[in-house]
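Remarks on the structure that follows.
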Amino acid sequence: MATMRTRRLGWTIAAGAALVSLRPVGPFERVADLALVPARVIGVLGAPSLLWARGDTGEGAGGSPDALAAERELSAQLELAILRSAEPTEVPWPIRGVVPIPGEVDVSEKVNRDRISLRVSDPGPIERGQAVVAGDVFVGTVEKIPVREPYRDRPGLLEKILRRMGLSSPPVPPPRDLVIVRMITDPSARVGARIQEIDGQPECRMVVGGLERLDDRVWLAVHNPESQNRFTGRVVVHEAAAAVDSADSTASGFLLGDLRRATVAATERTPRRQVMGVDPLLDFEAGLNQVLVLTAGRGRGTVDPRRSDIVGVLESTGWRHVDMASLGDLCPWRSTGRLDVGRNVGVRAGAAVVDGVRLVGRVSRSDQIGATVALLDDPGFRVTALAQPAGDPGATPLVLGELVSSGCNGRGQVTVRWRPASGSRYGEWIERHSEGGGEVEVLLWTGSGMRRVPRGLLLGRTSLQAPGEPGGELVMALEGSGDPGAKLQVRTGSSRLARPASGSVIHAAEGAR
Amino acid sequence: MKRFTSLGVFFLWVSVAGALQLLLTSGASGPGEDGPALGRACVPDLMTLVLVAAVGRLDRRDVVTLALVTAAARAAYTAAPPFAVVSGCLVAALIADTLRRFADLDRAWLRSCAAGSGALAIGTWLLVVDLVRGSQARVTGGLSFGQASDRDFALVVLTATVTALVAPLVWPALHRLPGLRRLERRAF
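Going down the list, the protein sequences come from chains A and B. Our numbering numbers the first residue of the first sequence as 23 and each following residue consecutively. Our numbering numbers the first residue of the second sequence as 27 and each following residue consecutively.
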């Protein structure tokens, strides 16, 4: 009888645990983490697994000191190139009466893909509705400056109890340099636009905003075109300042993309139709790194970053030396490791773990005494990346967007998959740097938009070529990627910018959150 | 108190098995694109093996406790969510206990069957949790690492097969693990 009761209890617990594991509940997970702290101490027994790690050079983090210094310098040069790439080259620049405020994309809000959050160097002059551009391309408008919004925290009874027990925390006040931008891809976003008169074809005005989704591509949607007879041309923002009292008028002349037309076959619900759209010049989902907010005022009309303004990716605050406690995972499809420190020193999920400036992985879960790290060769590990020609570190980097790890190959190299997004200009870039060979030797670096991962961490060296067919995928093997057996550092503290943008001063309060 | 000490000793044995499994897993590799993953999958699930052997030897009323102790030890060596590990270990233990209801685990094929099905259950369950959590994260935009795919089920089957093959060889040693006498089954 007692055995039957035990079995019933066992199945009940198993069913309950199964439910909670499929639909995670925050407080339950915290309780489980707390309950498992004593058991996790025994994890030190896994230390022999580090014998297999590649940390056999004995030269410290990031390889030899010379190699580390060289990579740090390359990272700084990449940052300088990114800051420079935010300024327009085709559009007349500077614009009289416009002061550009540089901002780094902080975390792309994946829940609402039409919003991005920026960390700006000087939020003072920024107002709602001001235009945001990246290079020559119009991105969107400032929607919200959270620090200026009313801040309320009225916890209910349950929330108060949970907070008292340490199972919940009060909401963190927004950082003062945070700005939310609504991109032109948002369904409700609209901007006046036109195609200029070319080869006798008349000017055509239209409204652009939202997305037009086709089977194999995504365009910006076109509304109310002045003429249905224009089939091609470059679409630029056109808001006449005299006619429209709109902040978009400061962005007049910035590019939106190329006009395209396509015929959509009939379906059961809709008849065959002609679709007009703007092929964007940017990958809005994962290709944004550095932008400019166009504010009205008097001052320097350009950003003009200098090498002396750049703070190295490791020189910023918020890094802490750590050791790997064990390496490997009992699930054969995963590749993870465990750090010897966790929440007790401020290590949070998503934090970058580096060997010198080389990215080793990201913290996937942290508890009171340790943290689990998803390594770069963990299949499915996603990272936004930039490519820089190995022989020309000052060149404008190619924004690759998201790379997905496929794990290690038989030669111990991490392999990553890359599928160019709609709007990626990779073809021109590869042609420019390959000198006719169709292949470029590049260094891959982390881009912006990942929580607690700064821009400018080295992923590895590889050979980049255009995928064989449009919409195709390229698999790249990385050399010189981070070594989990080396001396490591983990990023602690907040998701604040790792470094100031263009010489501004925003070092303070790092780790205050 | 002595019973509690025995459970502590069992926890230690499971942890040692986990450490050994981790050592073998992290060092395993193989040729080709899928070589490393296949190499890792060829390592037997020693923690499940210890659990199933204990269920076969110890008092049936302790099945749930043994599974929970194993889950606590296992959670230290894997990135899988703790609740998923708990449910997986419980299911593995209860499968072994169900087999034991009908036949004592004293034959090689029965031991293989118990260990293999336990490893298959826990591996499949952890894979399902990874798949579900991964697809949820893609929709909600939450932070998610690792991306299991359907074909990873082949890795689970391989691990379960290796575990089943190894079970009859190591069972005598696991059946005599010292320090567990207080938990042994009482007279029928």
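The beta-carbon is built from N, C-alpha and C at its ideal position, and this holds for glycine as well. Note that the coordinates shown come from a computational prediction; the quantities given were computed from them, not determined experimentally.
Distance between residue j and residue i (C-alpha atoms, nearest Å)
i: V182(B); j: A67(B); result: 7 Å
i: D280(A); j: G434(A); result: 43 Å
i: T104(B); j: H201(B); result: 26 Å
i: S301(B); j: L191(B); result: Only positions 27 to 214 of chain B appear in the structure, and residue 301(B) is not among them; the question remains open.
i: W241(A); j: G471(A); result: 22 Å
i: V266(A); j: S274(A); result: Summary for V266(A): the model assigns pLDDT 49, below 50, so the residue's position carries little reliability; its value from the coordinates is reported in the next sentence. Between V266(A) and S274(A), the C-alpha separation is close to 12 Å.
i: K28(B); j: T91(B); result: 15 Å
i: A101(B); j: A118(B); result: 15 Å
i: R52(A); j: A93(B); result: 21 Å
i: G232(A); j: A89(A); result: 46 Å
i: A412(A); j: Q511(A); result: 25 Å
i: S7(A); j: M73(B); result: Any question about residue 7(A) goes unanswered here, given that chain A covers just 23 to 535.
i: A417(A); j: I104(A); result: 9 Å
i: P46(A); j: T25(A); result: 31 Å
i: G502(A); j: V464(A); result: 12 Å
i: F179(B); j: L153(B); result: 7 Å
i: I220(A); j: F160(A); result: 22 Å
i: I206(A); j: L100(A); result: 28 Å
i: P107(B); j: R291(A); result: 44 Å
i: P192(A); j: R185(A); result: 7 Å
i: L84(B); j: L195(B); result: 19 Å
i: V344(A); j: Q296(A); result: 58 Å
i: I217(A); j: V395(A); result: 50 Å
CA nearest to the CA of residue i, picked from the options
i: N311(A); options: I35(A), R170(A), A409(A), L44(A); result: A409(A)
i: P327(A); options: R170(A), A98(A), L31(A), V66(A); result: A98(A)
i: D199(A); options: F160(A), P147(A), E219(A), R235(A); result: P147(A)
i: R137(A); options: Q152(A), V421(A), D208(A); result: D208(A)
i: F184(B); options: P193(A), G372(A), P354(A), T394(A); result: As written in the sequence, residue 184(B) is Leu, which differs from the Phe given in the question. The option with the nearest alpha carbon to L184(B) is P354(A).
i: V497(A); options: G429(A), A508(A), E101(A), K509(A); result: G429(A)
i: D351(A); options: L38(B), G142(B), A54(B); result: A54(B)
i: L189(A); options: R447(A), F253(A), D55(A); result: D55(A)
i: L116(B); options: L72(A), P193(A), G38(A); result: G38(A)
i: T460(A); options: Y448(A), A153(A), V142(A), V297(A); result: Sequence inspection shows Gly at residue 460(A); the Thr mentioned does not correspond to that position. It is Y448(A).
i: G65(A); options: I148(B), L203(B), V42(B), D178(B); result: V42(B)
i: A99(B); options: L67(A), P122(A), A91(A), S503(A); result: L67(A)
i: R133(B); options: L84(B), G34(B), P198(B); result: P198(B)
i: L145(B); options: L203(B), V69(B), L195(B), R87(B); result: Reading off the sequence, residue 145(B) comes out as Ala, not Leu. When each option's Cα is compared against that of A145(B), the closest is V69(B).
Which of helix, strand or coil DSSP assigns to residue i
i: C226(A); result: strand
i: D128(A); result: strand
i: A213(B); result: Confidence in A213(B) is poor, its pLDDT being 46 and thus under 50, which makes the residue's placement too unreliable to answer from.
i: K166(A); result: strand
i: T514(A); result: coil
i: A37(A); result: helix
i: L3(A); result: Residue coverage of chain A in this structure runs from 23 to 535, which leaves residue 3(A) outside it and unanswerable.
i: W440(A); result: strand
i: Q202(A); result: A small correction: the amino acid at residue 202(A) is Ile; Gln does not occupy that position in the sequence shown. DSSP places I202(A) in strand when its eight states are reduced to three.
i: V382(A); result: strand
i: W39(B); result: helix
i: I117(A); result: coil
i: F160(A); result: strand
i: L195(B); result: helix
i: V165(B); result: helix
i: G144(B); result: helix
i: V240(A); result: strand
i: D88(A); result: helix
Short CB-CB distance (under 8 Å) between residue i and chain D
i: S139(A); result: Judged by its chain identifiers, the structure shown contains no chain D, and its protein chains are A and B.
Whole-angstrom C-beta distance between residue j and residue i, which should lie under 8 Å
i: V201(A); j: P293(A); result: Their Cβ separation, rounded to whole angstroms, is 43 Å, which puts V201(A) and P293(A) out of contact at 8 Å.
i: V76(B); j: W39(B); result: 6 Å
i: C226(A); j: E261(A); result: That belief does not hold up - the Cβ atoms of C226(A) and E261(A) are roughly 16 Å apart, past 8 Å.
i: A308(A); j: A443(A); result: 6 Å
i: A347(A); j: R360(A); result: 5 Å
| Within 7 Å of chain B by C-beta, residues of the region 179 to 194 of chain A in sequence order | none
| query | Mind listing which residues of the region 390 to 411 of chain A have their C-beta closer than 7 Å to chain B's C-betas, in chain order? | reply | T394, A396, D400, P401, G402, F403
| Under 9 Å (Cβ pairs) to chain A, residues found in the region 101 to 114 of chain B | Contact annotation: in the region 101 to 114 of chain B, residues whose CB is within less than 9 Å of a CB in chain A are A101, A102, Y103, T104, A105, A106, P107, P108, F109, A110, V111, V112, S113, G114.
| Taking any Cβ of chain B, which residues in the region 441 to 455 of chain A have a Cβ under 8 Å from it, in chain order? | none
| Of the residues that make up the region 336 to 368 of chain A, which ones have a beta carbon closer than 7 Å to any beta carbon in chain B? | S348, L349, G350, D351, L352, C353, P354, W355, R356, T358
| In the region 33 to 57 of chain B, which residues sit with their C-beta less than 8 Å from some C-beta in chain A, listed in chain order? | Look at the region 33 to 57 of chain B: the residues with a C-beta under 8 Å from a C-beta of chain A are F37, L38, S41, V42, G44, A45, Q47, L48, L49, T51, S52, G53, S55, G56, P57.
| Taking a cut of 9 Å between CB atoms, which residues from the region 173 to 184 of chain B lie near chain A? | Q173, A174, S175, D178, L181, V182, L184
| said: Taking beta-carbon pairs under 9 Å, can you tell me which members of the region 463 to 484 of chain A lie near chain B? | reply: R473
| said: Using a Cβ-Cβ cutoff of 9 Å, what residues of the region 193 to 214 of chain A are near chain B? List them in chain order. | reply: none
| field | Interface residues of the region 504 to 516 of chain A facing chain B [CB-CB below 7 Å] | value | none
| query | Going along the chain, which residues of the region 25 to 46 of chain A sit with their C-beta nearer than 9 Å to a C-beta in chain B? | reply | Within the region 25 to 46 of chain A, the qualifying residues are T25, R27, T28, R29, L31, G32, W33, I35, A36, A37, G38, A39, A40, L41, V42, S43, L44, R45, P46.
| Cβ-based contacts, 8 Å cut-off: residues of the region 120 to 133 of chain B near chain A | L120, D123
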